[in-house]
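**Student:**
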Amino acid sequence: MAIVSLEGGWLKVNKALCNIIGYSQDELMSKTFQDITHPDDLDEDLRLVHQLLAGEIETYQLEKRYFHKQGHIVHILLSVSLVKNKDGSPRFFISQIQDITRQKTLEMELETKAREDELTKVFNRRHFMNLATREVVRGNRFHEPQAVMMIDIDHFKNINDTYGHGIGDEVLRVMAKECSRSLRQVDVFGRIGGEEFGALLLNAGPLAASTLAERMRKHVEELAVETEKGTVRFTISIGLATFTTPKLPLDELLKRADEALYEAKRCGRNKVINYVVQSNTPQSAAVAPPSFIHLDWNSEYESGHISIDTQHKNLFAICKSLLEAIVSGQPDTKVSEIAHELTEHMTTHFRDESTIFNKSEYPDAEAHTKSHYALIQEVRSVLAKFQKHEATAGDLFNLLVIKMVRDHILTQDREFFPYIQTSSECEEDA
1 MAIVSLEGGW LKVNKALCNI IGYSQDELMS KTFQDITHPD DLDEDLRLVH QLLAGEIETY
61 QLEKRYFHKQ GHIVHILLSV SLVKNKDGSP RFFISQIQDI TRQKTLEMEL ETKAREDELT
121 KVFNRRHFMN LATREVVRGN RFHEPQAVMM IDIDHFKNIN DTYGHGIGDE VLRVMAKECS
181 RSLRQVDVFG RIGGEEFGAL LLNAGPLAAS TLAERMRKHV EELAVETEKG TVRFTISIGL
241 ATFTTPKLPL DELLKRADEA LYEAKRCGRN KVINYVVQSN TPQSAAVAPP SFIHLDWNSE
301 YESGHISIDT QHKNLFAICK SLLEAIVSGQ PDTKVSEIAH ELTEHMTTHF RDESTIFNKS
361 EYPDAEAHTK SHYALIQEVR SVLAKFQKHE ATAGDLFNLL VIKMVRDHIL TQDREFFPYI
421 QTSSECEEDA
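Be aware that the sequence shown starts at 1, since it is given in UniProt numbering, and climbs by one per residue.
Next up, the structure:
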């Protein structure tokens, strides 16, 4: 239990709370609840506090996360009430805090088991089908090119018969891990059953999908599992079905990919065969144009400020080069070089952008500037890990293209556009 000031400072805490989060009473008294609350949970907590102070609610209960003194996460159930003075003005909060870490850990373990294949730790069939079905529907709605991939280990029965099922299981594990690494974080990958796996590639046309599949095939071909009977090497065959809103259900698309997989097996195995689904008819992908995630500048993205728009266009161009380098399987040194260039441009852009909207009347300028700093630190951290082979090209792609371009530039930045447009008009009038 704790008594908390209206500003969030700890006024009085009991030993039970100290034991939960690892701080002494004196240490807690010098902090606020905001200091130890996980940042992802803070906005909701503060929203409820404001409702409490405004008299809109009498009490609230919330599951949230605290940071333990040792740095790990503690899940708690928080119940808060407001104590008022005789004149009705707010005096302080009374908080009841219950440690539910064990319960949340168990829930997360059960959730993991419900979606994860126990042997390979990738999505199980049920979760793969559910997630991929939703993504196919979404792709149809937005007319996005997508691809379904069916993957099968060649001569897997011979591996089991020769080396035993224990080694067969290890082959499945290392193969699934390498396939996951070869794909992008945005893709959906799971075990369909036995030695067969499936993948849904998002925003990937025939050329992009074929390139990703071929990279996967080559990487698996280089794997080796050491046994008492010698080294086990193995290959995979891959069938692809690439499509742009064919209006077919996922199971039908998987059948098309399975037909391509059968053809890959028939042609000698250790191959990639790609069928393009157009007008519900499989066709050769040989003449299909490349189709990547769309990173072409559009006038709809413009803010109305010449400097910001010019820098955004440059960032788009570099991101497109990065994406093409990743998808085409260029060396890590080349990917790293482009990512470093993007980081430098992004740092300069964020500095200039902050200067511009700080001069305007944008009310969230300080918070937006902080998000710039956090994003730059995250990019530098992931880039450093990538150069040490501790992060994948997919990690870079997800951070730089998805988080930085899609989530930040195309979403968060739009919040200050009206303010800088007004500011620009005022400058012109002056």
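C-beta atoms are modelled at their ideal positions from N, C-alpha and C, and glycine is treated no differently. All figures in this text were calculated on a predicted structure; none of them were measured in a lab.
Answer with buried or exposed for residue 237, where buried requires no fewer than 16 other C-beta atoms within 10 angstroms of its C-beta.
**Tutor:** By 1-based counting over the sequence shown, the position of residue 237 is 237. By the 10 Å Cβ count, residue 237 comes out buried.
**Student:** Please report the straight-line C-alpha distance between residue 218 and residue 203, rounded to a whole angstrom.
**Tutor:** In the sequence shown, the residue the question calls residue 218 occupies position 218. In the sequence shown, the residue the question calls residue 203 occupies position 203. Rounded to the nearest angstrom, the two C-alpha atoms are 22 Å apart.
**Student:** In chain order, which continuous runs of the alpha helix (DSSP H) of length 4 or greater are located wholly inside the stretch 289-348?
**Tutor:** With a minimum length of 4 residues, the continuous alpha helix (DSSP H) runs that stay inside the stretch 289-348 are 306-327.
**Student:** If you drop the 5 nearest sequence neighbours on each side, which residues of the same chain put their C-beta closer than 7 Å to that of residue 5?
**Tutor:** The residue labelled residue 5 in the question sits at position 5 within the sequence shown. Excluding positions up to five away in sequence, the list reads 11, 92.
**Student:** Could you pull the start and end residues of the alpha helix (DSSP H) that residue 63 belongs to?
**Tutor:** The residue you call residue 63 lines up with position 63 of the sequence shown. Unbroken run through residue 63 is the beta strand (DSSP E), 59-67; no alpha helix (DSSP H).
**Student:** Is it right to say residue 150 is buried, meaning 16 or more other beta carbons lie within 10 angstroms of its own, or is it exposed?
**Tutor:** Locating residue 150 in the sequence shown gives position 150, where the first residue counts as 1. When all chains shown are included, residue 150 counts as buried.
**Student:** Does the beta-carbon distance from residue 99 to residue 36 come in below 8 Å?
**Tutor:** Within the sequence shown, the letter at position 99 stands for residue 99. Within the sequence shown, the letter at position 36 stands for residue 36. Cβ atoms of residue 99 and residue 36: not closer than 8 Å.
**Student:** Among 3, 349, 110, which one has its Cα closest to the Cα of residue 307?
**Tutor:** Counting from 1 along the sequence shown, the entry for residue 307 is found at position 307. The shortest Cα separation from residue 307 among 3, 349, 110 belongs to 349.
**Student:** Cα-Cα, which of 242, 232, 197 is closest to residue 144?
**Tutor:** Counted from its first residue, the sequence shown places residue 144 at position 144. Selected option, being the one with the closest Cα: 242.
**Student:** Kindly provide the ranges of any alpha helix (DSSP H) runs that are 4 or more residues long and lie completely inside the UniProt domain "GGDEF" (144-277), ordered along the chain.
**Tutor:** Segments of the alpha helix (DSSP H) lying fully in the UniProt domain "GGDEF" (144-277): 156-163, 165-182, 206-221, 250-266.
**Student:** According to DSSP, simplified to helix, strand and coil, what is residue 84?
**Tutor:** By one-based count along the sequence shown, residue 84 stands at place 84. Strand at residue 84.
**Student:** Could you spell out where the beta strand (DSSP E) holding residue 12 opens and where it closes?
**Tutor:** Along the sequence shown, one-based indexing puts residue 12 at 12. Note, residue 12: beta strand (DSSP E), 10-13.
**Student:** Quick check on residue 320: buried or exposed, where buried means 16 or more other Cβ atoms within 10 Å of its Cβ?
**Tutor:** Here residue 320 refers to the residue found at position 320 when the sequence shown is read from its first residue. Residue 320 comes out buried.
**Student:** If you draw a straight line from the C-alpha of residue 292 to the C-alpha of residue 147, how long is it?
**Tutor:** If you number the sequence shown from 1, residue 292 lands on position 292. If you number the sequence shown from 1, residue 147 lands on position 147. Model confidence at residue 292 stands at a pLDDT of 36, short of 50, so the residue's coordinates are unreliable; what they give is reported in the following sentence. Going from the Cα of residue 292 to the Cα of residue 147 covers about 12 Å.
**Student:** Taking just the CA atoms, how far does residue 311 sit from residue 126?
**Tutor:** Counted from its first residue, the sequence shown places residue 126 at position 126. Counted from its first residue, the sequence shown places residue 311 at position 311. Rounded to whole angstroms, residue 126 to residue 311 spans 44 Å at the Cα level.
**Student:** In chain order, which continuous runs of the beta strand (DSSP E) of length 3 or greater are located wholly inside the UniProt domain "PAS" (1-56)?
**Tutor:** Here the runs fully enclosed are 2-4, 10-13.
**Student:** Looking at the structure shown, is residue 79 part of a helix, part of a strand, or coil, going by DSSP?
**Tutor:** By one-based count along the sequence shown, residue 79 stands at place 79. It is a strand residue.
**Student:** Helix, strand or coil: how does DSSP classify residue 93 here?
**Tutor:** The residue you call residue 93 lines up with position 93 of the sequence shown. Residue 93: strand per DSSP, three-state reduction.
**Student:** Just mark residue 299 as buried or exposed, buried being the case when its beta carbon has 16 or more other beta carbons within 10 Å.
**Tutor:** Within the sequence shown, numbered from 1, the residue matching residue 299 stands at position 299. Residue 299 comes out exposed.
**Student:** If you run the structure through DSSP and keep just helix, strand and coil, what is residue 70?
**Tutor:** Position 70 of the sequence shown, counting from 1, holds the residue named residue 70. Note: residue 70 maps to coil in three-state DSSP.
**Student:** Kindly indicate the opening and closing residues of the alpha helix (DSSP H) around residue 373.
**Tutor:** As a working mapping, residue 373 is identified with position 373 in the sequence shown. Its alpha helix (DSSP H) spans residues 365-387.
**Student:** Take residue 69 as the anchor and find which of 22, 52, 259 has the nearest alpha-carbon.
**Tutor:** Translated into positions along the sequence shown, residue 69 becomes position 69. Here the closest residue by C-alpha is 22.
**Student:** What are the partner residues of residue 116, as DSSP defines its beta bridges?
**Tutor:** Here residue 116 corresponds to residue number 116 of the sequence shown, with the count starting at 1. DSSP output for residue 116 lists 123 as bridge partner(s).
**Student:** If we ignore side chains and look at the alpha-carbon of each, how far apart do residue 223 and residue 67 end up?
**Tutor:** Here residue 223 refers to the residue found at position 223 of the sequence shown. Here residue 67 refers to the residue found at position 67 of the sequence shown. Straight-line Cα distance between these residues: approximately 40 Å.
**Student:** In chain order, what residues of the same chain have a beta carbon less than 8 Å from the beta carbon of residue 249, not counting five sequence neighbours either side?
**Tutor:** Counting from 1 along the sequence shown, the entry for residue 249 is found at position 249. Around residue 249: 133, 136.
**Student:** Given a cut-off of 8 Å on the beta-carbon distance, is the pair residue 326 and residue 346 in contact?
**Tutor:** As a working note, residue 326 is residue 326 in the sequence shown. As a working note, residue 346 is residue 346 in the sequence shown. Not closer than 8 Å, so no.
**Student:** With contact counted as at least three CB pairs below 8 Å, one residue from each stretch, are the stretch 352-363 and the stretch 332-341 in contact?
**Tutor:** Cβ pair count under 8 Å is below three, so no.
**Student:** Within the chosen definition, does the stretch 168-179 reach the stretch 376-396 through at least 3 CB pairs nearer than 8 Å?
**Tutor:** Judged by Cβ distances under 8 Å, the stretch 168-179 makes no contact with the stretch 376-396, as fewer than three pairs qualify.
**Student:** Could you check whether residue 379 and residue 410 sit closer than 8 Å to each other, using their CB atoms as the reference points?
**Tutor:** As a working note, residue 410 is residue 410 in the sequence shown. As a working note, residue 379 is residue 379 in the sequence shown. Cβ distance not < 8 Å, so residue 410 and residue 379 don't count as in contact.
**Student:** At the level of alpha carbons, what is the spacing between residue 487 and residue 181?
**Tutor:** Because the chain spans 1 through 430 in this model, residue 487 falls outside it and cannot be assessed.
**Student:** Give me, in chain order, the residues of the same chain whose beta-carbon lies closer than 7 Å to that of residue 229; leave out the 5 immediate sequence neighbours on both sides.
**Tutor:** Position 229 of the sequence shown, counting from 1, holds the residue named residue 229. 163, listed in sequence order.
**Student:** What does the alpha-carbon distance come out to for the pair residue 355 and residue 42?
**Tutor:** For the purposes of this step, residue 355 is taken as the residue at position 355 of the sequence shown. For the purposes of this step, residue 42 is taken as the residue at position 42 of the sequence shown. Spanning the two alpha carbons is a distance of roughly 27 Å.
**Student:** Residue 269: which of 44, 13, 110, 154 sits nearest, CA to CA?
**Tutor:** Along the sequence shown, one-based indexing puts residue 269 at 269. It is 154.
**Student:** Quick one, which of 83, 256, 221, 141 has its alpha-carbon nearest residue 271's?
**Tutor:** Translated into the one-based positions of the sequence shown, residue 271 becomes position 271. Considering only alpha carbons, the answer is 221.
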